[in-house]
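Just so we're aligned, residue 41 is where the sequence shown starts under the working numbering, counting upward by one. Okay, structure first, notes after.
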Amino acid sequence: MLELYTKMNNDLALLFKWCQNNKLRPNSSKTSYILFHSPQKRVLTPPTLYLNNHPIMRRDCATFLGVILDKHLKFSAHINKVVRKMASASSILVKSRFSFPLNVLVQIYYAFIHPHLTYCIEVWGTTYQTYLLPLVRAQKRAIRIMTFSSSQTPSKPLFNHCGIMIFQTLLKYKVLLNMFRIVNNAPKDSYTVHLSTHSSSRLHNSGGLILPMARTNYGQQTLLFKGSVYWNELPSEVRKCTSFSFFLRRLRDLLT
């Protein structure tokens, strides 16, 4: 552990020097780091990291590009943030539903709720179902508000009527769009080098993928693993699509 932190401090010193050479001023007081680890793994108190001879703070969570990352990568804090934003947007629907028809309410949904649901959903949406339940309930509440339905009304017919994807379908849709880009267009970098078609003739000819090795639940929640599972569930004729627009249409028809 000490050797690792020594290397990290050396790398931080090189980073600070690079910033200086490029006329950049990193703010040590606003710099922090997260030590990602399993909840079951006991973590000893780590040595201090320094940037420009100033100690940087260790945090349990931090916001990076709009997504809250926590030390266990459960994304519960980010999901709670999305739920709060959805609750605020639902209040707009409550006030608007008496003045506008359903098609306008659907547009309001897509303007104020849908962006929060879909932003980086491929990253945080594959977490444990337990953490996603409040978000699923918030989406159902929004659709019931729009349709003047009671809390006991089954939500699936309401989603179909409004032409809105339920959360799990939306997650699958977004993940599969990324998988299409990875399979067909992505360069063979360190991320996609482990992605390969299945060696068996039946799955190889249909475009099936070998599941990446995942020894933990974390591994099974990655885009590459979950995406490979979703990809293999697609009909072979959809997997063989080479046109993104055609794949997009076929996928929407399949999921809705």
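Every residue, glycine too, gets a C-beta built ideally from N, C-alpha and C. Please read these numbers as outputs of a predicted model, since none were measured by experiment.
Out of curiosity, what's the CA-to-CA distance linking residue 242 and residue 141?
Along the sequence shown, read from residue 1 onward, the residue named residue 242 stands at position 202. Along the sequence shown, read from residue 1 onward, the residue named residue 141 stands at position 101. Only weak support is given to the placement of residue 242: the predicted model assigns it a pLDDT of 46, under 50, and the question is left unresolved by the model.
Among residues of its own chain, excluding the 5 on either side of residue 76, which ones have a beta-carbon nearer than 7 angstroms to its beta-carbon?
Numbered from its first residue, the sequence shown carries residue 76 at position 36. Within the same chain, residue 76 has close Cβ partners 111 and 113.
Taking only three categories from DSSP, how would you classify residue 276?
Reading the sequence shown from its first residue, position 236 is the one you call residue 276. Three-state DSSP puts residue 276 in a helix.
Relative to the alpha-carbon of residue 122, which residue among 87, 97 and 158 has its alpha-carbon at the smallest distance?
Taking the first residue of the sequence shown as 1, we reach residue 122 at position 82. The residue with the shortest Cα to Cα distance from residue 122 is 158.
Considering Cα atoms alone, identify which of 126, 268, 74 and 292 is closest to residue 175.
Locating residue 175 in the sequence shown gives position 135, counting from the first residue. Of the candidates 126, 268, 74 and 292, the one whose C-alpha sits nearest the C-alpha of residue 175 is 126.
With residue 108 as the anchor, note down where its beta strand (DSSP E) starts and where it stops.
One-based indexing of the sequence shown puts residue 108 at position 68. Run containing residue 108: 107-110, per the beta strand (DSSP E) assignment.
Would you kindly check if the distance between the Cβ of residue 269 and the Cβ of residue 294 is under 8 angstroms?
In the sequence shown, residue 294 corresponds to position 254, counting from 1. In the sequence shown, residue 269 corresponds to position 229, counting from 1. Contact: no.
Please report the residue range of the alpha helix (DSSP H) in which residue 46 lies.
Taking the sequence shown and counting its residues from 1, one reaches residue 46 at position 6. Run containing residue 46: 42-61, per the alpha helix (DSSP H) assignment.
What do you get for residue 267, buried or exposed, if any count of 16 or more other CB atoms within 10 angstroms of its CB means buried?
Start at 1 with the first residue of the sequence shown, and residue 267 comes out as number 227. Flag for residue 267 reads buried.
Would residue 207 and residue 179 be called neighbours here (beta carbons separated by less than 8 angstroms)?
The residue you call residue 207 lines up with position 167 of the sequence shown. The residue you call residue 179 lines up with position 139 of the sequence shown. Closer than 8 angstroms, so yes.
May I ask you to list the residues that DSSP assigns as paired with residue 104?
The residue given as residue 104 occupies position 64 in the sequence shown. According to DSSP, which records beta bridges pairwise, residue 104 is partnered with 107.
Between residue 259 and the rest of its own chain, which residues show a CB-CB distance below 7 angstroms, the 5 nearest in sequence each way excluded?
In the sequence shown, the residue the question calls residue 259 occupies position 219. Cβ neighbours of residue 259 beyond the five flanking positions: 265.
By how many angstroms is the C-alpha of residue 117 removed from the C-alpha of residue 215?
Translated into positions along the sequence shown, residue 215 becomes position 175. Translated into positions along the sequence shown, residue 117 becomes position 77. Whole-angstrom Cα-Cα distance: 21 angstroms.
Go ahead and label residue 286 buried or exposed: buried means 16 or more other beta carbons lie within 10 angstroms of its beta carbon, across all protein chains shown.
Translated into the one-based positions of the sequence shown, residue 286 becomes position 246. Classification of residue 286: exposed, given that the 10 Å Cβ count is below 16.
Please check the pair residue 186 and residue 145, which I expect to be a contact at CB under 8 angstroms, by giving their CB distance rounded to whole angstroms.
The count along the sequence shown starts at 1 and reaches residue 186 at position 146. The count along the sequence shown starts at 1 and reaches residue 145 at position 105. Sure, about 4 angstroms apart at Cβ, within 8 angstroms.
Considering only residues of the same chain and omitting the five flanking positions on each side of residue 256, which have a CB-CB separation below 8 angstroms?
One-based indexing of the sequence shown puts residue 256 at position 216. Cβ neighbours of residue 256 beyond the five flanking positions: 78.
Ordered along the chain, which non-local residues of its own chain (more than five positions away) have a Cβ less than 6 angstroms from that of residue 95?
Indexing the sequence shown from 1 puts residue 95 at position 55. Taken in chain order, the residues that qualify are 88.
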